[in-house]
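Protein chains in written order, with my numbering: chain A, 1 to 386; chain B, 387 to 772. Okay, structure first, notes after.
Protein chains: 2
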Amino acid sequence: MPIAGPLSGVVVIDLTRVLAGPYCTMVLSDLGARVIKIEVPGGGDDSRAYGPFFDGKSGYFAAINRGKESLALNLKSPDDLALLDRLLARGDVVVENFRPGTMERLGLGWDKLHARFPRLIYAAASGFGHSGPYSQRPAYDMVAQAMGGIMSITGEVGRPPVRVGSSIGDLAAGLFTAIGVNAALLHRERTGEAIKIDVAMLDSQVAILENAITRYCATGKAPAPLGARHPSIAPFAAFATADGHIIVAAGTEALFVKLAQTLGRPEWPKDPRFATNAARAEHVEALQTEIEAVLHTGTSAHWLPLLEAAGIPSGPINDVAALFADPQVAARNMVVGIDDPDFGALKVAGNPIKMTGFDDVPQRGPVPKLDGDRARILADLDSGAL
Amino acid sequence: MPIAGPLSGVVVIDLTRVLAGPYCTMVLSDLGARVIKIEVPGGGDDSRAYGPFFDGKSGYFAAINRGKESLALNLKSPDDLALLDRLLARGDVVVENFRPGTMERLGLGWDKLHARFPRLIYAAASGFGHSGPYSQRPAYDMVAQAMGGIMSITGEVGRPPVRVGSSIGDLAAGLFTAIGVNAALLHRERTGEAIKIDVAMLDSQVAILENAITRYCATGKAPAPLGARHPSIAPFAAFATADGHIIVAAGTEALFVKLAQTLGRPEWPKDPRFATNAARAEHVEALQTEIEAVLHTGTSAHWLPLLEAAGIPSGPINDVAALFADPQVAARNMVVGIDDPDFGALKVAGNPIKMTGFDDVPQRGPVPKLDGDRARILADLDSGAL
């Protein structure tokens, strides 16, 4: 059963695989939509072969597809296409993340579908979008991160760019597609008209570059990686302690005075190198050295409560183990279980969109077996429940 | 005039400042909503003081707030609160990113507003959310990135974590809030009921950790930074050529076969170390060495067209300057101008949600002057246009 939410009753025909599209439909599922995942017979979604594995089954696939239903269809078989047609006639949204042109070759392009199913919303997530010179190129997360600029501003100073540690190339596209689908559902509800949404991974990376674009426009110089510090505020960075790193973000003069006092160096604000944010930004490396000389004398667990008590924005750099132990993460129900015996040990991210009127359930639906929901889907089509 | 889009006619009363909230309302604005930004008299949004500056005015503020309207209100003044009431009575959504409790202290908490304006949707973006033990703590992007785990998986192998180069702590929260607002608008359209959306920066970071959570559950070991490669798919990384680095992302068995052929090493897929993705992920360093031994024999400009012709996902690592020169970015209208003479040189990110039925305008509205839209807003209230 889908989760109760603002999308309850919405049926998503999900032709997506791997990550950008499935992440979008996972978000829709967490908002209450019924998501019917159409998979290739035989192997299904490519990501069913991606590790890590739990009892031989993909945890990668499970984490993104929990709570969806699976139906295996060969989109080149007339019989299977006829069944897909029945689903599209009942669905509210079709989501796909094929390479542009694939849906047209299958006879399932927007123009044809829109003519036959005028209330069906069509959402496409692709590497480069459904227009432009690179449209036909394949893309994966890493290509989007690299071509879209975020790698060029992520990494250590003076060293090669690094990838954002999660697949932000896919996830950003999935999020923008989810926004588009919701907006299109509203538009259809108000006007009766369905639209096509076309989201590119590359475009989505441009959309999250934030002030790197502004800085480039102001200076004509492409921004470079800055490690773990802010481009213009100091101190606002990660600092080494005796046993790790912590964040200290003292973004105002008053906070810097408090920080100097808390670290037992009340003379810092009178040092001309550190007297103003502009001076501190100019002498950011000397400031880092001075702060770390103090922080090295204690552990992170020593310093963090002192900084918090002084009202200085600060925090630990949590790894996933620390995150799982964090009381705020638990209180917010952000690590949830899966109702699936094959994946007993697997936890997945909860829904960050907390809403009045709908339970934030602590358990997500089971992981679909390939074609495992065929009987129910056919029965629902026959009975009119779908 | 707002852009025409699926949110045309939707009025957003925007109490947000700095980044997470303003990014959310920028997305809503790009979808057609009319966004009325309420600012503190005197200085306005804090980010009006953030560089880089264009002719003395903040490019940081301009990039996120273009196309919104500004009205300065003192939320502690009864007269100004009365004017805010008139706006809330006409608005569809109120968005705020104060520290939790602030709206209640102003008499503007969800319970009171919902009782008085039962159709008003309420969306809050905050550091830690409206519940849980850290709810009252202040947060900045960097604190959310650090506590939320993404820094722990971003950076070079064996070296300290780095920050994601853009403010993904704020932006992810802005995107989830935008999804929630759209879903709430649909829900209200269908049922007449308004809901409150409560999105935390910390929660949003957990939601984009992706398979780092799965890997932790599978192994009990917290994932660490991996530089520029994917944790579980191989080959999927940056590779050195004779004159730089390129991305090669061969995410399926078929693509790996094509890659082996393109690099003149058709025997690779038969090598037991490289025969499956699982094997390649296990032998990822050997695979990197073998691939770079070939790529070192040519420049990036030699290899990229060959890889592209073979249909292998691949690409350069673009900085912002290269991005601005990229024909696909131009063709997709992803770098747009601002209709504001004070910011002639400033370009901003376009809307990555491309939609049929609505023009993707190449120019965004002007940057609001503090309180600059008061006369029009008052006139629209009086005339019933608002």
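All residues carry an ideal CB built from backbone N, CA and C; glycine is no exception.
Look at the alpha carbon of residue i and the alpha carbon of residue j, and state the distance between them as a whole number of angstroms.
{"i": "A/S314", "j": "A/E308", "result": "7 Å"}
{"i": "B/A716", "j": "B/F710", "result": "8 Å"}
{"i": "B/F622", "j": "B/G697", "result": "15 Å"}
{"i": "A/R265", "j": "A/R273", "result": "14 Å"}
{"i": "A/R280", "j": "A/D359", "result": "48 Å"}
{"i": "B/G495", "j": "B/D466", "result": "17 Å"}
{"i": "A/K354", "j": "B/I583", "result": "6 Å"}
{"i": "B/A707", "j": "A/P368", "result": "44 Å"}
{"i": "B/G774", "j": "A/I233", "result": "In the structure displayed, chain B extends from 387 to 772; residue 774 of chain B sits before or after that span and is not available."}
{"i": "B/V404", "j": "B/K733", "result": "19 Å"}
{"i": "B/G445", "j": "A/L171", "result": "27 Å"}
{"i": "A/L120", "j": "B/A530", "result": "38 Å"}
{"i": "B/F625", "j": "A/R48", "result": "26 Å"}
{"i": "B/D712", "j": "B/A608", "result": "38 Å"}
{"i": "A/S152", "j": "B/N737", "result": "21 Å"}
{"i": "B/A419", "j": "B/G391", "result": "8 Å"}
Would you call residue i buried or exposed, if buried means 16 or more other Cβ atoms sit within 10 Å of its Cβ?
{"i": "A/H296", "result": "exposed"}
{"i": "B/Q749", "result": "exposed"}
{"i": "A/P341", "result": "exposed"}
{"i": "A/L306", "result": "exposed"}
{"i": "A/R229", "result": "buried"}
{"i": "B/H631", "result": "buried"}
{"i": "A/G51", "result": "buried"}
{"i": "B/M533", "result": "buried"}
{"i": "B/K454", "result": "buried"}
{"i": "B/N460", "result": "exposed"}
{"i": "A/P138", "result": "buried"}
{"i": "A/M103", "result": "buried"}
{"i": "A/S383", "result": "exposed"}
Which residue's Cα is closest to the Cα of residue i: the options?
{"i": "B/V479", "options": "B/A458, B/G395 and B/V721", "result": "B/G395"}
{"i": "A/F176", "options": "B/G730, B/L756, B/Y409 and B/R403", "result": "B/Y409"}
{"i": "A/R66", "options": "A/D359, A/G344 and A/L202", "result": "A/G344"}
{"i": "B/M587", "options": "B/G477, B/R420, B/R485 and B/G555", "result": "B/G555"}
{"i": "A/G337", "options": "A/A349, A/L259, A/D326 and A/P327", "result": "A/A349"}
{"i": "B/M528", "options": "B/G551, B/S521, B/S517 and B/P427", "result": "B/G551"}
{"i": "B/M720", "options": "A/G32, A/I213 and A/L28", "result": "A/I213"}
{"i": "B/L492", "options": "B/R574, B/L401 and B/S415", "result": "B/L401"}
{"i": "A/I208", "options": "B/L595, B/M387, B/V397 and B/A406", "result": "B/A406"}
{"i": "B/I424", "options": "B/A559, B/L470 and B/G535", "result": "B/L470"}
{"i": "B/L612", "options": "B/G566, B/G541 and B/P524", "result": "B/G541"}
{"i": "A/S434", "options": "A/P41, A/L370, A/E282 and A/N97", "result": "With chain A represented from 1 up to 386, any question about residue 434 of chain A goes unanswered, as that position is not in the structure."}
Between residue i and chain B, is the shortest Cβ-Cβ distance under 7 Å, so that the two count as touching?
{"i": "A/L323", "result": "yes"}
{"i": "A/L186", "result": "yes"}
{"i": "A/P327", "result": "yes"}
{"i": "A/V206", "result": "yes"}
{"i": "A/D203", "result": "yes"}
{"i": "A/V199", "result": "yes"}
{"i": "A/R332", "result": "yes"}
{"i": "A/D243", "result": "no"}
Please decide whether residue i counts as near chain A, where near means a Cβ-Cβ distance under 7 Å.
{"i": "B/C410", "result": "no"}
{"i": "B/M387", "result": "no"}
{"i": "B/R601", "result": "yes"}
{"i": "B/F625", "result": "no"}
{"i": "B/K733", "result": "yes"}
{"i": "B/E671", "result": "no"}
{"i": "B/N704", "result": "yes"}
{"i": "B/T638", "result": "yes"}
{"i": "B/S512", "result": "no"}
{"i": "B/S618", "result": "yes"}
Run through chain A and tell me which residues come within less than 8 Å of residue i, C-beta to C-beta.
{"i": "B/M489", "result": "Per Cβ cutoff of 8 Å: no residues; B/M489 is ~14 Å from chain A at best."}
{"i": "B/K582", "result": "M355 and T356"}
Mind pulling the chain B residues with CB within less than 7 Å of residue i?
{"i": "A/N211", "result": "Y446 and A449"}
Using a Cβ cut-off of 9 Å, pull out every chain B residue sitting near residue i, in sequence order please.
{"i": "A/G154", "result": "Reading off the sequence, residue 154 of chain A comes out as Thr, not Gly. Ordered by position in chain B, the residues that pass the 9 Å Cβ test against A/T154 are T540, G541, V548, R549, V550, G551 and S552."}
{"i": "A/E193", "result": "G743"}
Give the interface partners of residue i over in chain A, defined as CB-CB distance under 7 Å, in chain order.
{"i": "B/N568", "result": "I179, N182, A183 and L186"}
{"i": "B/A664", "result": "G51"}
Who are the neighbours of residue i on chain B, taking C-beta pairs under 8 Å?
{"i": "A/I338", "result": "Those do not exist, as A/I338 stays about 10 Å from chain B at its closest Cβ, beyond 8 Å."}
{"i": "A/D46", "result": "G637 and T638"}
Is the Cβ of residue i closer than 7 Å to any Cβ of chain D?
{"i": "B/E678", "result": "Among the protein chains of the structure shown, namely A and B, there is no chain D."}
Would the beta-carbon of residue i be found less than 6 Å away from any heavy atom of the ligand HEM?
{"i": "B/L561", "result": "Within the structure as shown, the ligand HEM is missing, as the structure has no ligands at all."}
Along chain A, in chain order, which residues have C-beta atoms closer than 9 Å to that of residue i?
{"i": "B/L393", "result": "A183, L186 and H187"}
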